[in-house]
Ligand SMILES: [Mn+2]
Ligand SMILES: [Mn+2]
Ligand SMILES: [Mn+2]
Ligand SMILES: [Mn+2]
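Protein chains in written order, with the working numbering: chain A, 23 to 432; chain B, 23 to 432.
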């Protein structure tokens, strides 16, 4: 990661990176139904404002493999509003587009003469919107058929046994900058794991060396959508499996925002984990502020700039161990309820302070993980009734645990 | 219906009319899965070849209210291939487009500056693709969001009791020809019936009289999607309910091809019933040759030209009354099977003769309605086994009846 000279727009590829937007998440919830769409709208508006060359998405664009009519319509409306305009696209795709983009049109969307694409979007699929059925189609294929998204990274699993995949990068040129963009849509972790440990099962195609352009002049980006946490190494991908020629990795699927690129020791690349733009599980990791990343690449240098999302519903998380709370009398359930009520009210207050002065404040998500060892549990639905209209998730504010395990989800 | 002078293209609005395409019908059937898409492709290719001003669809474009990813992708691909091109659109929509087209964009698709629409499609919904859910969306709304179809005729049911609807026509001008196109997407027949019999419940908006254009100069077309058969008048719409100012009616939903416009006595209008482009029920009416209609309107005159569809799977239908067949011995089931086998083979032969010399002949649909009064029934699945690979529907060639009732379906 080096300093990037401030002024050289003709040779600097500007990419907005986001992931796990989960369009349609909670679409039937009266309070939260618009959350995923508002976040996507904000992300696209940032792409517009920052005048990026393209928007790169890391999978789980849709929450459901078969999105509802309503979710599809809203997704298309947002894309159409932001992606179609007269702004000239200032980079070229020089690889074989029929290999990169597997729809019947076989080209990058902004080269279609019948559409005015000003903001191209590139996306892989996640596990929520993975290809399925006889035709092996993802919901993202619908957006690709509409020419609104460039869907890439759908692997054909060839070979026998564990199988074999080949990654063909999208080769992009802007001025003197050359980026090879590799996409790897979600594959079951166990399977991909075994592939990575099988010689020749994962093939990485490299740009051909050409006169005036050495292979080392390409800046290599990978976007993937897999488990990264190491708790169960069988069900997660080890960063050290990835080839050392890569320069920068966008890790989708993990919802916690760890967006500042982290160096992987000995591998020579950095990883950004943008995290989801919506909390789909009310765990600690999802309560951190949500961001997207502006990635500017010039030659072999890049500058990452994280940009906070402002439309996100506030979410406050805490943990309570009942037996450590002195004011609670184990024989008096009211004393437990009173204590938890205080905790909830404090978190609501905290969420307001964090949001600051906004004209339209969203009801916050509140989650208290209660270690009830030695105590009776409380009915969470009944507990939540008094917070209707004050909290976005009154029905599941409380979650009970005995040991302090770490919850997780994608 | 008058003669149309052959040469006056600048003042002649040319419309291709089709209905009940049922995209996705039998999409899981190994043999028939492509039928609905091939028919739609052929219809669009006729529109292209005939250089019509637009394609008008009468509902049931989709067979399912929630089409599969695969059906959506194929529908979008076909529309994108035929509708987007550089051909100039030569008519104008002069009515309030935000009223006619209820998506957030609120304009006819070819006026969107970011798409090259050369063949506009206008469609109402049918009962198969009717709007539903909290957002009251039809699958056609997805195509409308993509800017590939101009979806109209979605009614807002206002008022109390039986309700009230208002039809705002799309007003089109081409040269000196003016067409007011009314759309009425499917409403439950019983309900619409009651509306038509309630004063002021159905409001027909007329174009405003303007200088140089009398109201009588508009040619008034209605497209609707309802039961028309009179068997049960409560569950069908009576043609005499429709207002006399109408000139021409496109009746969707009825799958039998009765495409030659029929005059309705005393009403002053003609009705075309194009019929479906795919047989969704194997009844006599659906075995007639399928057509679409080229409608050319100039001033108050029009010329209808029916065009046969060539990609349609052959379908032969007959009825057999077992007790009338002398060669059958009621005590010998083999004699029944032998007779029915002869009937099937004759129908297969007939289907080949009807198709003529085509390079790729599709397996025919064969349906025999068997009146088995006085006989034992036969297992239709078992009967069909020997026709696998010879008939498209081996599992349901035979249908049994006792009385000779007319089956029907939309
Ligand atoms: Mn996710
Ligand atoms: Mn995921
Ligand atoms: Mn129909
Ligand atoms: Mn119908």
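The C-beta atom is built at its ideal place from N, Cα and C for all residues, glycine as well.
Asked: Can you say whether residue 199 of chain B is buried or exposed, counting buried as having 16 or more other CB atoms within 10 angstroms of its CB?; Found: buried
Asked: In the structure shown, what three-state DSSP assignment does residue 176 of chain A receive?; Found: coil
Asked: Looking at ligand 3, does it come within less than 6 Å of residue 151 of chain B, judged from the CB to the closest heavy atom?; Found: no
Asked: Where DSSP assigns a beta bridge to residue 36 of chain B, which residues make up the other side?; Found: B/318
Asked: Applying a beta-carbon distance threshold of less than 7 Å, which residues of chain B neighbour residue 137 of chain A?; Found: 136 and 137
Asked: Please give me, in chain order, every unbroken run of the beta strand (DSSP E) with length at least 3 that falls completely inside the region 120–186 of chain A.; Found: 143–145
Asked: Would you give the residue range spanned by the alpha helix (DSSP H) that residue 76 of chain A belongs to?; Found: Note, residue 76 of chain A: premise wrong, no alpha helix (DSSP H); beta strand (DSSP E) at 76–79.
Asked: Tell me whether the beta-carbon of residue 69 of chain B lies closer than 7 Å to the beta-carbon of residue 141 of chain B.; Found: yes
Asked: So with Cβ pairs under 7 Å, would you call residue 66 of chain A a contact of chain B?; Found: no
Asked: Touch check for the region 380–389 of chain A and the region 328–342 of chain A: three-plus C-beta pairs under 8 Å?; Found: yes
Asked: Is residue 167 of chain B close to chain A? Criterion is C-beta to C-beta, closer than 7 Å.; Found: yes
Asked: Cutting at 7 Å between CB atoms, please list the residues of its own chain near residue 328 of chain B, excluding the five before and the five after it.; Found: 281, 282, 313 and 315
Asked: Does the region 217–228 of chain B touch the region 180–198 of chain B, meaning 3 or more C-beta pairs lie closer than 8 Å?; Found: yes
Asked: Could you pull the start and end residues of the alpha helix (DSSP H) that residue 406 of chain B belongs to?; Found: 402–406
Asked: Taking a contact to mean a Cβ-Cβ separation below 7 Å, would you say residue 180 of chain A touches residue 206 of chain A in this structure?; Found: no
Asked: Determine, using beta carbons only, whether residue 395 of chain B comes closer than 7 Å to chain A.; Found: no
Asked: Taking the DSSP output, what are the residues bridged to residue 324 of chain B?; Found: B/319
Asked: Using a beta-carbon distance below 7 Å, is residue 164 of chain B in contact with chain A?; Found: yes
Asked: At 3 residues or longer, and completely inside the region 214–272 of chain A: list those beta strand (DSSP E) runs for me, N to C.; Found: 224–226 and 240–247
Asked: Counting pairs of Cβ atoms below 8 Å between the region 145–154 of chain B and the region 82–99 of chain B, do you hit three or more?; Found: yes
Asked: Skipping 5 residues on each side, what residues in its chain have a beta carbon closer than 7 Å to that of residue 361 of chain A?; Found: 347, 349 and 350
Asked: Please report the straight-line C-alpha distance between residue 144 of chain A and residue 172 of chain B, rounded to a whole angstrom.; Found: 28 Å
Asked: Spell out the partners DSSP gives residue 202 of chain A in its beta bridges.; Found: A/193 and A/242
Asked: For residue 292 of chain A and residue 286 of chain A, I'd like the C-alpha separation in whole angstroms.; Found: 6 Å
Asked: If you run the structure through DSSP and keep just helix, strand and coil, what is residue 93 of chain A?; Found: helix
Asked: From B/300, B/288, B/77 and B/234, pick the residue whose C-alpha is nearest to that of residue 44 of chain B; which is it?; Found: B/300
Asked: Please state whether the Cβ-Cβ distance between residue 204 of chain B and residue 264 of chain B is less than 7 Å.; Found: no
Asked: Evaluate residue 424 of chain B with the Cβ neighbour count: other Cβ atoms within 10 Å of its Cβ, from every protein chain shown; 16 or more gives buried, anything less gives exposed.; Found: exposed
Asked: Who pairs with residue 330 of chain A in a beta bridge, going by DSSP?; Found: A/313
Asked: Mind checking whether the beta-carbon of residue 82 of chain B lies closer than 6 Å to any heavy atom of ligand 4?; Found: yes
Asked: Mind checking if residue 95 of chain B is an interface residue toward chain A, Cβ cutoff 7 Å exclusive?; Found: yes
Asked: Excluding five sequence neighbours on each side, which residues of the same chain lie with their C-beta closer than 6 Å to the C-beta of residue 298 of chain B?; Found: 42 and 277
Asked: Using a beta-carbon distance below 7 Å, is residue 92 of chain A in contact with chain B?; Found: yes
Asked: Should residue 319 of chain B and residue 218 of chain B be called a contact, given that it needs their Cβ atoms to be closer than 7 Å?; Found: no
Asked: Mind listing the chain A neighbours of residue 161 of chain B? Cutoff is C-beta to C-beta under 8 Å, in chain order.; Found: 91
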